[in-house]
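Colleague: In our numbering, the protein residues as written are 570 to 881.
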Ligand SMILES: [Ca+2]
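#1: Excluding five sequence neighbours on each side, which residues of the same chain lie with their C-beta closer than 7 Å to the C-beta of residue 656?
#2: Just the residues with CB closer than 7 Å to a heavy atom of ligand 1, in chain order, which are they?
#3: Anyone know if the C-beta pair for residue 757 and residue 853 falls short of 8 Å?
#4: Provide the residue span of the alpha helix (DSSP H) that contains residue 749, from first to last.
#5: DSSP on residue 850, reduced to helix/strand/coil?
#6: Straight-line CA distance for residue 675 to residue 618?
#7: Just checking my contact of residue 599 with residue 616 at CB under 8 Å: how many whole Å lie between their CB atoms?
#8: Provide the residue span of the beta strand (DSSP E) that contains residue 731, from first to last.
#9: Closer than 8 Å is the cut-off here; do at least three beta carbon pairs connect the stretch 629 to 649 with the stretch 687 to 702?
#10: In the stretch 807 to 881, which residue ranges form an unbroken beta strand (DSSP E) of at least 3 residues, counting only runs that do not cross its ends?
#11: Name the DSSP beta bridge partners of residue 768, please?
#12: Taking its Cβ as the centre, do 16 or more other Cβ atoms sit within 10 Å of residue 660, making it buried, or is it exposed?
#13: Since residue 584 sits in a beta bridge, which residues does DSSP pair it with?
#14: How about residue 654: is its Cβ closer than 7 Å to a heavy atom in ligand 2?
#15: In chain order, what residues of the same chain lie with their CB nearer than 6 Å to the CB of residue 692, ignoring the 5 residues before and after it?
#16: I'd like to check one pair, residue 605 with residue 586: are the Cβ atoms closer than 8 Å?
#17: Under a three-way DSSP split, which group does residue 589 fall into?
#18: Taking the alpha-carbon of residue 653 as reference, which of 694, 832, 624 and 645 has the nearest alpha-carbon?
#19: So what does DSSP say about residue 616, is it helix, strand or coil?
#20: Using beta-carbon positions only, say whether residue 531 and residue 849 come within less than 8 Å of one another.
#21: Kindly confirm or deny that the stretch 825 to 833 and the stretch 764 to 772 touch, where touching means at least three C-beta pairs closer than 8 Å.
#22: What three-state label does DSSP hand residue 574 in the structure shown?
#23: How far does the alpha helix (DSSP H) with residue 702 in it extend, from its first residue to its last?
#24: Taking only runs that begin and end inside the stretch 626 to 675, name each unbroken beta strand (DSSP E) of 3 or more residues, in chain order.
#25: Measuring alpha carbon to alpha carbon, tell me which of 671, 594, 582 and 591 ends up nearest residue 622.
#26: How far does the alpha helix (DSSP H) with residue 780 in it reach, from first residue to last?
#27: What number of angstroms, rounded off, separates the C-alpha of residue 873 from the C-alpha of residue 650?
#28: Please classify residue 723: does DSSP put it in a helix, a strand, or coil?
#29: Mind checking who residue 624 pairs with in its DSSP beta bridge?
#30: I'd like the span of the beta strand (DSSP E) that includes residue 796, first residue to last.
#31: Please name the residue, chosen from 583, 708 and 592, that lies closest to residue 725 on a Cα-to-Cα basis.
#32: Quick one: any contact between the stretch 739 to 755 and the stretch 773 to 783, if contact means 3 or more CB pairs under 8 Å?
This is the structure:
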């Protein structure tokens with residue numbers, strides 16, 4: 570034990586138990602050692618770290634509320650690690666219930682699988698690292714993340730950007746203005762998909778059934794992947810208020826960064842007044858800019874359309 574690590578491990582104590590956990594919430598494991606007849610020693614890990622990490626906090630619904638007895642398997646950087654959440658640890662000690670996973674050089678987990686005592690299995694894909702992820706039993710969505718469900722009920726985080734940008738287009742099945750933009754959405758997707766921009770249609774009304782969304786995609790020949798944002802996670806993150814409204818996210822140091830939010834173009838002056846042709850193509854200009862690595866002409870514009878339900 571190096572003298573530079575401090576006196577915690579070199580000073581003699583009569584110790585009986587040790588608990589491992591991230592005491593100071595900085596992503597590394599610290600150790601609390603229980604000493605006989607004196608206060609415990611906290612061995613705080615203050616080594617600078619470059620490696621990725623992830624902590625998983627479990628919330629049981631049918632199983633134990635803390636998720637005791639569940640097994641969590643994390644796949645990252647081609648490696649698989651499994652840990653079980655147990656209630657026992659060392660003598661009179663129990664570890665941090667947040668399971669800690671080192672990710673090595675990876676900055677995200679490709680897959681997290683939770684096997685609950687109830688038999689329920691929850692799987693999350695593409696989960697960004699360097700944070701505590703709360704997983705609720707029976708809910709494939711990461712609380713506090715930007716994961717939402719696709720039409721098949723799979724969790725997808727469109728802001729875990731794999732290409733160069735993520736474009737969210739907020740739509741409704743019953744908004745005439747959004748429907749009139751279908752050809753333009755299609756044109757932009759065809760134009761920019763090959764250049765690394767992923768397009769997502771986001772249906773944010775919880776009352777819209779999946780079948781209605783599928784019918785809408787067919788009727789308007791919308792080829793983008795559709796997501797359901799019933800909890801308005803993406804609506805809040807983007808600051809969207811109406812449909813159609815677009816948001817362009819690019820990879821940033823602390824996660825996805827909003828580069829543009831607003832109208833697709835300025836064809837609509839008001840809800841019932843439109844120009845013969847748009848004079849600015851705001852979404853297209855924003856995408857051209859971010860794909861060229863520069864700031865766009867405007868970060869936000871005001872979109873005209875149908876209000877999203879329940880958005881303040
Ligand atoms: Ca720590």
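A virtual CB, placed ideally from N, CA and C, is assigned to each residue, including glycine. None of the values given here were measured: they were computed from a predicted structure.
Modeller: According to the structure data:
#1: Hits under 7 Å: 637 and 663.
#2: Residues with a Cβ closer than 7 Å to any heavy atom of ligand 1, in chain order: 591, 592, 593, 594, 595, 596, 597, 598, 599, 613 and 614.
#3: Annotated as proximal: residue 757 and residue 853, with beta-carbon spacing under 8 Å.
#4: It spans 745 to 749 - the alpha helix (DSSP H) in which residue 749 sits, taken as one unbroken run.
#5: Secondary structure of residue 850 (DSSP, three-state): coil.
#6: Cα to Cα, residue 675 sits roughly 13 Å from residue 618.
#7: Here residue 599 is actually not in contact with residue 616; their C-beta atoms are around 11 Å apart, not less than 8 Å.
#8: Counting along the chain, residue 731 falls outside any beta strand (DSSP E), and DSSP gives it neither H nor E.
#9: Touching, yes.
#10: DSSP runs (the beta strand (DSSP E)) wholly in the stretch 807 to 881: 814 to 821, 824 to 831 and 837 to 839.
#11: Note: residue 768 sits in a beta bridge opposite 736.
#12: Residue 660 counts as exposed, since fewer than 16 other C-beta atoms from the protein chains shown sit within 10 angstroms of its C-beta.
#13: Paired residue(s): 604.
#14: As far as ligands go, the structure on display features ligand 1 and does not contain ligand 2.
#15: Excluding residues within five positions, the ones whose Cβ falls inside 6 Å are 682.
#16: With contacts defined as CB atoms closer than 8 Å, residue 586 and residue 605 fail to qualify as a contacting pair.
#17: In the structure shown, residue 589 sits in a strand (DSSP, three-state: E or B).
#18: Answer by Cα proximity: 624.
#19: In this structure, residue 616 counts as coil in the three-state DSSP scheme.
#20: Since the first and last residues shown for the chain are 570 and 881, residue 531 lies out of range.
#21: Short answer: they don't touch.
#22: Looking at residue 574 - three-state DSSP - the assignment turns out to be helix.
#23: Looking at the DSSP string, residue 702 is not in any alpha helix (DSSP H); the run it does join, the beta strand (DSSP E), is 701 to 705.
#24: Runs found: 640 to 645, 648 to 653 and 668 to 673.
#25: Comparing Cα-Cα distances from residue 622 to each of 671, 594, 582 and 591, the minimum goes to 671.
#26: Residue 780 -> alpha helix (DSSP H) spans 779 to 788.
#27: Taking the straight line joining both Cα atoms gives about 48 Å.
#28: The DSSP-derived three-state label of residue 723 is coil.
#29: Answer is 669 and 701, bridged to residue 624.
#30: For residue 796, the enclosing beta strand (DSSP E) stretches over residues 794 to 797.
#31: For the residues 583, 708 and 592, the minimum Cα distance to residue 725 belongs to 708.
#32: By the Cβ rule, the stretch 739 to 755 counts as touching the stretch 773 to 783, because three or more pairs are nearer than 8 Å.
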